[in-house]
Amino acid sequence: MLLATAVVTYVLAAWMVAPGFYDGFGPQQPYHWTCPPSAAGANTKPSSGHVDIKVIGGVSDANSAFTNDGQIVLGFLPGAFAVAPGQTTISVDIAPLPTCPQPPGIAFVTNVYHATANATLVKPANVVLLYSNLLPAPSAIYLAPDPNGPWTSLGANREAMPYTITTTTKSFGYFGAGYPVTSAASGAVRIGGGSQVLPIVVAVLIGLVLLAGIPLAAMRRRRARGEVEPEDEA
Amino acid sequence: MIAVRNRAHPAVRAVLVGAYILCVEWARTLLATQPRMAIVSLMLGGVALGLVAAGLPADRLGLGTSRFGLRIIGGLALGAVLLLPAAARSGAVPILPAGLAAAAVAISVGEELAFRGALYAALEELGGAPLAIVGSTVLWTAAHALSHPPEFLGAVAAAGLLLALWRWACRDLVAPVIGHVIADLAL
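Chains V and C, in that order, give the protein sequences. Just so we're aligned: 205 in the working numbering is position 200 of the first sequence, and the numbers increase by one with no gaps anywhere. Just so we're aligned: 144 in the working numbering is position 112 of the second sequence, and the numbers increase by one with no gaps anywhere.
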């Protein structure tokens with residue numbers, strides 16, 4: 006009875022949050038979706054970001070632009086921007102696109118963000134995008150001058166932190182992470198694969214909790230009363 | 033640690049085991065925030081947690097071999113329960129990057145040996161099954177406080193309670209290990 010109550014309690018508690026909370030494998034916070042997938046729990050809209058980068062001696066300072074939820078970070082080296090005469094600051098803005106582009110040949114697994122600045126890049130900037138564990142891992146970051154495309158793959162660095170993808174860019178525009186739809190998602194272990202069979206299998210296995218637990222528990226109680234021989238535990 | 037565990041008063045032993053587990057869990061969480069240390073921290077954390085059970089008799093840890101088939105089936109079933117909320121909503125569970133699979137196995141086995149193994153045994157010796165179940169669940173939840181957003185801790189606690197109750201009802205750790213590994217691999 007206690008076990009059954011614990012099962013129900015767990016299912017209810019886990020149902021109230023987005024899946025993927027074990028042992029820190031998941032992102033540090035649930036992803037904020039523009040277009041949440043069906044598996045997402047309660048969703049918070051993604052945020053935008055802004056930074057003013059100082060120009061010192063005609064050279065732009067090192068700095069980063071990021072959204073308040075940290076889902077995209079643009080990192081700039083010293084002198085990353087072409088500074089106009091008399092310019093004292095460079096403004097960089099990042100905003101999530103309110104729509105979710107689905108260009109042919111690409112499946113985005115993150116929001117698409119629009120990054121703009123009042124100066125052009127002369128040195129590559131780092132781009133870091135967080136992604137969720139609810140969708141397959143992306144294989145590249147894509148850039149486009151317009152939400153309708155054309156989208157260009159910027160690739161991805163190999164040594165990104167879990168649930169982040171990084172690359173560099175030489176220009177601003179629209180950024181999103183995804184993978185080519187002609188290939189399987191990279192680096193992912195998928196269990197179930199979207200099949201409707203999985204919930205049925207899960208339901209059957211839940212029944213096995215009782216089938217497996219009752220004999221073990223009964224055996225333990227009989228042993229406690231001295232009705233059976235000691236267990237052969239070594 | 034092993035010497036202290038074998039000779040100390042049960043209360044001292046339980047406090048030391050609990051403090052060690054908490055320190056390891058929080059340290060590996062902080063280490064994981066450093067660049068390129070995520071997998072290393074999980075592997076090291078798993079090994080360090082597993083060490084706390086070293087030297088304890090298998091029967092005190094619940095690692096017997098009797099009714100082994102039932103224990104395995106129980107583990108599969110516990111894994112299914114842990115995955116149910118995700119699977120029922122989307123028809124597919126979330127996806128763990130393949131590079132983390134070995135680390136997932138290491139940390140889940142280490143956590144079970146530590147929380148439902150050594151810590152449970154120490155608390156049970158000190159105050160019986162109720163203290164073992166509640167105490168191991170509370171420490172399990174506290175250990176995940178740094179790595180999980182607050183809204184997730186209720187589900188974490190419920191999972192810990194379920195695994196601890198299985199450990200008590202069946203005097204078995206094999207099934208929690210299997211269920212935890214399955215859940216971590218999928219989630």
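Where a beta carbon is used, it is the ideal one built from N, C-alpha and C, also for glycine. None of the values given here were measured: they were computed from a predicted structure.
- For C/A43, the closest alpha carbon among the candidates C/E157, C/C55, C/Y52 is that of C/E157.
- The Cβ-Cβ distance between C/V170 and C/H180 does not fall below 8 Å.
- Counting only Cβ-Cβ distances below 8 Å, C/L193 has contacts in chain V at A11, T14, Y15, in chain order.
- Counting along the chain, V/A182 sits inside the beta strand (DSSP E) bounded by residues 178-185.
- At a Cβ-Cβ threshold of 8 Å, V/A182 and V/I146 count as neighbours.
- V/I58 has V/I95 as its beta-bridge partners, per DSSP.
- Counting of Cβ neighbours within 10 angstroms places V/Q76 among the buried residues, the total reaching 16 or more.
- Between the beta-carbon of C/L205 and that of C/L93 there is about 5 Å, and that keeps the pair under the 8 Å contact cut.
- One Cα belongs to C/A70, the other to C/V209, and the distance between them is close to 22 Å.
- The contact set of V/L159 on chain C, defined by CB atoms closer than 9 Å, is empty, because the minimum CB distance reaches about 20 Å.
- Contacts between V/L7 and chain C, judged by CB atoms closer than 8 Å, involve L197, A201 in chain order.
- DSSP, reduced to helix, strand and coil, places V/A100 within a strand of the structure shown.
- Your pair C/R60 and C/G77 checks out as a contact, with CB atoms roughly 3 Å apart and the cut at 8 Å.
- Nearest neighbour of V/T125 by Cα position, chosen from V/T10, V/S158, V/P101, V/V64, turns out to be V/V64.
- No Cβ-Cβ contact shorter than 8 Å links C/A201 with V/A18.
- With respect to the 8 Å criterion, V/N116 and V/T174 are not classified as neighbours on the basis of their beta carbons.
- Straight through space, the alpha carbons of V/S176 and V/A85 are spaced by roughly 11 Å.
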